[in-house]
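Undergrad: Numbering-wise, the sequence shown is residues 1 to 197 according to the numbering used here. Cβ coordinates follow ideal geometry from the N, Cα and C atoms, glycine included. One structure is given below, represented as C-alpha cells, and several questions about it will come after.
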Amino acid sequence: MGHREDLLAGAKRCLLEKGWSRTTARDIVAASGANLASIGYHYGSKDALMREALFAAMSDWADEVQASLAQDTTTGGELTARFESGWSRALELFGKHQAMWRAQLEAVMQAGHDPALREAFDRAQPEARQGLVGLFHGVEGREVDEETSRVLGSFYLTLVSGMAVQQAINPGHAPDARDLIEAMRRVVGGTPPTPAG
1 MGHREDLLAG AKRCLLEKGW SRTTARDIVA ASGANLASIG YHYGSKDALM
51 REALFAAMSD WADEVQASLA QDTTTGGELT ARFESGWSRA LELFGKHQAM
101 WRAQLEAVMQ AGHDPALREA FDRAQPEARQ GLVGLFHGVE GREVDEETSR
151 VLGSFYLTLV SGMAVQQAIN PGHAPDARDL IEAMRRVVGG TPPTPAG
C-alpha cells in the first residue's frame with residue numbers, strides 16, 4: 001500500500017478504537033506508519049481524512065449486510081418475511097460494527113459545527129437511501145426510482161439511524177425485526193396503544 005492507503009487504513013483503525021473526537025493526527029500517523037506531513041499532502045487535513053475513513057467504515061458495514069442478504073433464502077418470499085430476515089441479519093452486523101456506529105453518532109453530533117462534515121453527510125443521503133432500498137428489496141440500488149428512494153429509502157434510513165442510537169445506548173433494549181414488523185402493523189392498522197394497568 002502507498003501512504004494514502006496506509007493513512008486511510010490507520011484513520012479507520014483509530015476511528016474504531018478511539019472514536020471520532022478522540023482521534024488525533026498523531027494517532028493516525030502512529031497507526032499508519034506514515035508521517036504527519038503526508039496527511040496534508042494526501043487529504044488536505046486530518047478532518048478530511050477522518051471523513052473519508054468514516055464513510056469507508058460505513059461502506060464496509062453496507063457491503064457486509066449486502067453479502068449477508070445475498071445468502072438470504074427468503075429473496076423471492078413475502079415482503080414481511082424478507083424484511084424480518086433482512087433486519088435480523090442487519091441487526092447482527094450492528095453488534096459487530098458497534099464501534100463504527102458510535103463513531104458515526106459522534107460525527108453526526110459534530111456536523112452542526114463542521115460545515116464540510118455536514119455537507120459530506122448531506123451528499124451521502126441520496127445514495128444511502130437508494131442503497132438501503134436495494135439492500136432490503138434485493139435489487140440494484142440504481143434500479144430504484146427517485147420517489148421510491150425518497151419515501152422508502154428515508155424510512156429505512158430512519159430505522160438504521162434510530163437503531164444505531166438504541167444499540168449505542170443499550171443493545172439489549174433495541175427492538176428486533178419482529179418488533180419492528182409488529183409496530184408497523186399497528187401503525188398501519190390504526191391500533192391504539194393498550195392502556196396501562
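Check whether the segment 158-174 and the segment 104-115 are in contact - that is, three or more C-beta pairs closer than 8 Å.
TA: With the cut-off at 8 Å, the segment 158-174 and the segment 104-115 touch.
Undergrad: Along the chain, where does the alpha helix (DSSP H) containing Q104 start, and where does it finish?
TA: From DSSP, the alpha helix (DSSP H) with Q104 extends over Q98 to A111.
Undergrad: Below 8 Å, can you find three or more Cβ-Cβ pairs linking the segment 172-180 to the segment 84-98?
TA: They touch, by the three-pair rule.
Undergrad: Taking only the alpha-carbon atoms, compute the straight-line gap between A124 and G197 and give it to the nearest angstrom.
TA: A124 and G197: Cα-Cα distance of roughly 45 Å.
Undergrad: At what residues does the alpha helix (DSSP H) containing D114 begin and finish?
TA: Where D114 is concerned, there is no enclosing alpha helix (DSSP H), given that its DSSP letter is neither H nor E.
Undergrad: How would you write the range of the alpha helix (DSSP H) that W61 sits in, first residue to last?
TA: Per DSSP, W61 belongs to the alpha helix (DSSP H) from K46 to A70.
Undergrad: Nearest to L8 by alpha carbon, out of L54, A183 and P126?
TA: Considering only alpha carbons, the answer is L54.
Undergrad: Measure the alpha-carbon distance for K12 versus L152 and round it to whole angstroms.
TA: Roughly 30 Å between the two C-alpha positions.
Undergrad: Please list the terminal residues of the continuous alpha helix (DSSP H) segment that includes S149.
TA: Counting along the chain, the alpha helix (DSSP H) containing S149 begins and ends at E146 to I169.
Undergrad: For D6, name the three-state secondary structure that DSSP assigns.
TA: D6 falls in the helix class under three-state DSSP.
Undergrad: Could you tell me the alpha carbon to alpha carbon distance between D6 and H113, rounded to whole angstroms?
TA: Each residue's Cα considered, the two are about 28 Å apart.
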